[in-house]
Amino acid sequence: EADGADVDAMIEALEGYEFEGVKGSYTVRAEDHALLQPMFQVSLATDGTTAELEVLATLEPEDVAPPEVGG
């Protein structure tokens, strides 16, 4: 736990931080502070008045992570 007024302590506390969210497991990548999270491929079908989503695939965070910046 870091004091919110201590920026360096807050950065250190967040590096590598893992938590559960609405989409699954999230991680703050220590090297560049990118938030790694699951992504979804979906299909959208509509009849002109309503739309329905179908999840085609759940992509793991390590498979969709952006390249490291400054790491």
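The numbers in the working numbering rise by one with no breaks, and the one at position 35 of the sequence shown is 35.
Positions of the beta carbon are idealized from the N, C-alpha and C atoms, including for glycine.
Taking the alpha-carbon of residue i as reference, which of the options has the nearest alpha-carbon?
i     : options                   : result
Glu52 : Ala9, Leu59, Pro38, Ser43 : Ser43
Thr58 : Val7, Arg29, Asp6, Pro38  : Pro38
Ala65 : Thr49, Asp47, Glu31       : Glu31
Pro67 : Glu54, Ala45, His33, Ala9 : His33
Just the C-alpha distance for residue i and residue j, rounded to the nearest angstrom, thanks.
i     : j     : result
Glu18 : Thr27 : 4 Å
Val22 : Leu14 : 19 Å
Gly70 : Thr49 : 47 Å
Asp63 : Ala9  : 30 Å
Glu12 : Gly24 : 23 Å
Just to confirm my understanding: we take residue i, look at its own chain, exclude 5 residues before and 5 after, and list those with CB closer than 7 Å. What are they?
i     : result
Leu56 : Gln41, Val42, Ser43
Counting only the same chain and skipping the five closest in sequence on each side, list residues whose C-beta sits under 6 Å from that of residue i.
i     : result
Leu36 : Thr27, Arg29, Pro61, Ala65
Gly16 : Ala30
Glu54 : Ser43
Ala5  : none
Below 7 Å, is the gap between the Cβ of residue i and the nearest heavy atom of the ligand PLP?
i     : result
Glu12 : In the structure shown, the ligand PLP is absent, as is every other ligand, since no ligand is present at all.
3-residue-minimum beta strand (DSSP E) runs that sit fully inside the segment 22-48, ordered along the chain: Taking only runs of at least 3 residues, the beta strand (DSSP E) segments lying wholly in the segment 22-48 are 24-28, 39-46.
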